[in-house]
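Asker: Numbering (the working numbering), first residue to last: 8 to 455.
We put the beta carbon where it would ideally sit given N, CA and C, even for glycine.
Source: prediction; values computed, not measured.
1) Got a sec? Which residues, its chain only, sit under 7 Å from residue 255 by beta carbon, not counting five neighbours each side?
2) For the alpha helix (DSSP H) that residue 332 lies in, which residues bound it at each end?
3) What three-state label does DSSP hand residue 407 in the structure shown?
4) With distance defined between alpha-carbon atoms, name the residue in 205, 222, 218 and 158 nearest to residue 453.
5) Return the chain-ordered list of same chain residues with a C-beta closer than 8 Å to the C-beta of residue 344, the five sequence neighbours on each side being excluded.
6) Can you check the segment 74-136 for any alpha helix (DSSP H) of at least 4 residues that lies completely inside it and give the ranges in chain order?
7) For residue 369, name the three-state secondary structure that DSSP assigns.
8) Given residue 457, which residues of its chain have a CB within under 7 Å of its CB, disregarding the five upstream and five downstream residues?
9) In this structure, does DSSP put residue 311 in helix, strand or coil?
10) If contact is defined by three or more beta carbon pairs under 8 Å, each pair taking one atom from either stretch, is the segment 55-75 in contact with the segment 97-116?
11) Comparing C-alpha positions only, which one of 407, 97, 283 and 159 sits nearest to residue 433?
12) Excluding five sequence neighbours on each side, which residues of the same chain lie with their C-beta closer than 8 Å to the C-beta of residue 257?
13) May I ask which residues mark the beginning and end of the beta strand (DSSP E) holding residue 433?
14) Looking only at DSSP bridge pairs, what is residue 4 linked to?
15) Specify the secondary structure class of residue 55 as computed by DSSP and reduced to three states.
16) At which residue ranges does the segment 342-398 contain complete alpha helix (DSSP H) runs of 4 or more residues, listed in the order of the chain?
17) In the DSSP assignment, the beta strand (DSSP E) including residue 254 goes from what residue to what residue?
18) So, at 7 Å on beta carbons, what are the nonlocal neighbours of residue 131 in its own chain, with the 5 sequence-adjacent residues on each side left out?
19) Is it buried or exposed, residue 319, if we count other Cβ atoms within 10 angstroms and call 16 or more buried?
20) Could you tell me the alpha carbon to alpha carbon distance between residue 129 and residue 114, rounded to whole angstroms?
21) Does the distance from the CB of residue 186 to the CB of residue 153 come in under 8 Å?
22) Locate the alpha helix (DSSP H) running through residue 178, then write down its first and last residues.
23) Beta-carbon within less than 8 Å of residue 315's beta-carbon, same chain only, minus the 5 sequence neighbours each way: which residues are those?
24) Out of 428, 137 and 43, which one is the CA nearest neighbour of residue 306?
25) Does residue 122 pass the burial test, meaning 16 or more other C-beta atoms within 10 Å, or should it be called exposed?
26) Whose C-beta lies closer than 8 Å to the C-beta of residue 141 among residues of the same chain, with five residues either side of it excluded?
27) Using the three-state DSSP reduction, which class does residue 444 fall into: helix, strand or coil?
28) Could you tell me the alpha carbon to alpha carbon distance between residue 448 and residue 328, rounded to whole angstroms?
29) Need the endpoints of the alpha helix (DSSP H) that residue 207 sits in, please.
30) By a C-beta neighbour count over all protein chains shown, 10 Å radius and 16 as the cutoff for buried, is residue 150 buried or exposed?
31) Report buried or exposed for residue 192, applying the criterion of at least 16 other Cβ atoms within 10 angstroms of its Cβ.
32) By alpha-carbon positions, which one of 218, 363, 259 and 445 ends up nearest to residue 281?
33) Would you list the residues sitting across from residue 189 in a DSSP beta bridge?
34) Since residue 199 and residue 372 should fall inside the 8 Å C-beta cutoff, what is the C-beta to C-beta distance between them, to a whole number of angstroms?
Spelled out as structure tokens, the structure:
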């Protein structure tokens, strides 16, 4: 196999073709394991070299300690391990030290061997105890603010276990113990901030996810009167596995239809929909995401099953879908650096109400994790604002799943449906954009 460096390799993200009945499906290139590891490590090196110094200085932290034992890893540490490491080993201690502007961040491992780009700092012949080696590293650098991963707000920033915390605090001398602070904001910043190189990859990853969603919402997978919603759910799971990808949640496929006994999204979001046979006249909804190259997607889209003689979804459903798109536009127009998630939520809901859109917003950050760290912009069961993560400010170079719904009365059905949409987007100095666009019209089965 011919191998390329990072950016030349990206030019190979061209489309491969395969033909299925009644339509053409495009399959983007998906890397083999060796190339995935290489790209993952290149991304990690770039983040350590160019992103981490900015974040440590922004948060005023000059010394960051991450400690984990094997199979009980700090979520932040998991994103910092080299691709060849599938977990921590024994006790893994990472240290990042910022000597100030003009210096490189020291990347150290209190270990007997290097941890990827982190250089080993434990000579067991000098310091038989690993904690003593850590103390020596601290003494030599005399940091002013030592961050550890503890947080009441974010589980992802609360990775230091009780046992390891106690061991560390009982070992570090008081001079430096008094300088220990929560690294919550630094941990969140590391998790939520996307690098330029990552965003090149994210375009491709989001596109793959869109193509899988659309393939599942097609006659290739669905035969009305035969196929059930559960069949489609498991088709998605199998398709992800066949492509050599992962998913971070079990997909949902559900139906809204004229039948008054049909599952009512107005009553609850907490109950998974029952298995149903898909029929002509159904409005299908799918919630789906993948994990690839340490990044995640989260998407919700709709398709309508044509009745005999129909060429498109009913006009009332198309109009309802436009309200969902409009609610997306309203929400992302409120994004501004420094605003809290609660402020964005409040402003968006106020404008939606002024435009007579019955909207519910429950948007979250996305990146290394599906429901990622950063500002929460509403919860489906709390539209008044969320304490803690809702009070966190928006920063540039962050990604979000724009998740929401618009409730719209469909006159001929004599019922209200929810247009439940979710698309991944990116926020930077140029504004907000959807990473791979968004669904702007209801798909049809079969495609027209």
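Answerer: According to the data block:
1) Counting from 1 along the chain shown, the entry for residue 255 is found at position 248. For residue 255, where only same-chain residues beyond five positions count, the Cβ hits under 7 Å are 296, 298, 303 and 377.
2) Here the question's residue 332 lines up with position 325 in the chain shown. Taken as a continuous stretch (DSSP letters only), the alpha helix (DSSP H) holding residue 332 covers 322-340.
3) As a position in the chain shown, residue 407 is number 400, starting the count at 1. In the structure shown, residue 407 sits in a strand (DSSP, three-state: E or B).
4) In the chain shown, residue 453 corresponds to position 446, counting from 1. It is 222.
5) The sequence position of residue 344 within the chain shown is 337, counting from 1. Answer for residue 344: 400, 401, 402 and 403, listed in chain order.
6) 82-85
7) As a working mapping, residue 369 is identified with position 362 in the chain shown. Residue state, collapsed to three classes: coil.
8) Coverage of the chain is limited to positions 8 through 455, which leaves residue 457 absent and any answer about it impossible.
9) What you label residue 311 is simply residue 304 of the chain shown in a count that begins at 1. DSSP places residue 311 in strand when its eight states are reduced to three.
10) yes
11) Looking up residue 433 in the chain shown gives position 426. Checked all of 407, 97, 283 and 159; the closest Cα to residue 433 is 407.
12) Here residue 257 refers to the residue found at position 250 of the chain shown. Same-chain partners within the cutoff: 240 and 244.
13) Residue mapping note: residue 433 aligns to position 426 of the chain shown, counting from 1. Element bounds for residue 433: 422-435.
14) Because the chain is modelled from 8 through 455, residue 4 falls outside the range shown and cannot be assessed.
15) The sequence position of residue 55 within the chain shown is 48, counting from 1. If DSSP states are grouped into helix, strand and coil, residue 55 belongs with the helices.
16) 348-361
17) Here residue 254 refers to the residue found at position 247 of the chain shown. Where residue 254 is concerned, there is no enclosing beta strand (DSSP E), given that its DSSP letter is neither H nor E.
18) On the chain shown, residue 131 is found 124 positions in, with the first residue counted as 1. These residues qualify, in order along the chain: 119.
19) Along the chain shown, read from residue 1 onward, the residue named residue 319 stands at position 312. The residue is exposed, with fewer than 16 neighbouring Cβ atoms inside 10 Å.
20) Looking up residue 129 in the chain shown gives position 122. Looking up residue 114 in the chain shown gives position 107. Roughly 13 Å between the two C-alpha positions.
21) As a working note, residue 186 is residue 179 in the chain shown. As a working note, residue 153 is residue 146 in the chain shown. Contact flag set, yes.
22) In the chain shown, counting from the first residue as 1, residue 178 sits at position 171. Looking at the DSSP string, the run of the alpha helix (DSSP H) that includes residue 178 is 169-178.
23) Residue 315 sits at position 308 when you count from the first residue of the chain shown. Closer than 8 Å at the Cβ level, and outside the excluded window around residue 315, lie 287.
24) Against the chain shown, residue 306 aligns to sequence position 299. When only C-alpha atoms are compared, the closest one is 428.
25) Residue 122 sits at position 115 when you count from the first residue of the chain shown. Buried.
26) To locate residue 141, count along the chain shown from 1; it is residue 134. The answer, listed in chain order, is 72, 100, 102, 117, 175, 178 and 179.
27) Position 437 of the chain shown, counting from 1, holds the residue named residue 444. DSSP places residue 444 in strand when its eight states are reduced to three.
28) Residue mapping note: residue 448 aligns to position 441 of the chain shown, counting from 1. Residue mapping note: residue 328 aligns to position 321 of the chain shown, counting from 1. Near 7 Å, if we compare the C-alpha coordinates of residue 328 and residue 448.
29) On the chain shown, position 200 is the one that residue 207 refers to. Here the alpha helix (DSSP H) through residue 207 covers 203-223.
30) Within the chain shown, numbered from 1, the residue matching residue 150 stands at position 143. It counts as buried.
31) Working through the chain shown from its first residue, we reach residue 192 at position 185. Per the 10 Å Cβ criterion, buried.
32) Indexing the chain shown from 1 puts residue 281 at position 274. When each option's Cα is compared against that of residue 281, the closest is 259.
33) By 1-based counting over the chain shown, the position of residue 189 is 182. Bridge partners of residue 189: 155.
34) Residue mapping note: residue 199 aligns to position 192 of the chain shown, counting from 1. Residue mapping note: residue 372 aligns to position 365 of the chain shown, counting from 1. Confirmed, Cβ separation roughly 5 Å.
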